[in-house]
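Numbering (our numbering), first residue to last: 133 to 209.
Written out below as structure tokens is the structure these notes cover.
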Amino acid sequence: MKPILLDFTLPLIGQITFPAYFTLLTLGLVLAALITVREARKLDLDPQDILDINLYMWIFGIIGSRILHVFADGHFL
Numbered sequence: 133m134k135p136i137l138l139d140f141t142l143p144l145i146g147q148i149t150f151p152a153y154f155t156l157l158t159l160g161l162v163l164a165a166l167i168t169v170r171e172a173r174k175l176d177l178d179p180q181d182i183l184d185i186n187l188y189m190w191i192f193g194i195i196g197s198r199i200l201h202v203f204a205d206g207h208f209l
């Protein structure tokens with residue numbers, strides 16, 4: 133896999149770079165949120181609550197992965 137997915141220059145902004153891992157990870161998270169909201173509507177659940185739960189899962193997933201990284205790599209001791 134290429135490390136850079138897209139790389140281009142805009143006249144007023146400058147160079148724009150999209151790293152492959154971050155771009156595909158973000159795309160996967162957004163698609164998962166859209167699918168869960170669509171399924172929530174089918175099951176007569178509140179889509180706003182489901183979207184909030186998705187946001188909490190993203191936040192705590194990032195925090196938890198960072199904590200695991202600190203402990204697993206020995207940076208804490």
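Glycine residues also receive a C-beta, built at the ideal position from the N, C-alpha and C atoms.
Original post:
From the DSSP output, which residues share a beta bridge with Gln147?
Top reply: What you label residue 147 is simply residue 15 of the sequence shown in a count that begins at 1. Note: Gln147 sits in a beta bridge opposite Thr141.
- Query: CB-CB under 7 Å to Leu142, same chain, minus the five flanking residues each way: which ones, in chain order?
  - Reply: Counting from one through the sequence shown, the residue named residue 142 turns up at place 10. Ile148.
Check your understanding: Is any heavy atom in the ligand HEM found nearer than 7 Å to the beta carbon of Asp139?
Key -> Of the ligands one can find in the structure shown there are none, so the ligand HEM has no counterpart to examine.
Which whole-angstrom value describes the C-beta separation of Ala152 and Met133, a residue pair presumed to lie in contact below a C-beta threshold of 8 Å?
Along the sequence shown, one-based indexing puts residue 152 at 20. Along the sequence shown, one-based indexing puts residue 133 at 1. Indeed they touch by this definition, with Cβ atoms about 6 Å apart.
Using only alpha-carbon positions, find the residue among Asp205, Phe203, Trp190 that is nearest to Thr158. Taking the first residue of the sequence shown as 1, we reach residue 158 at position 26. Considering only alpha carbons, the answer is Trp190.
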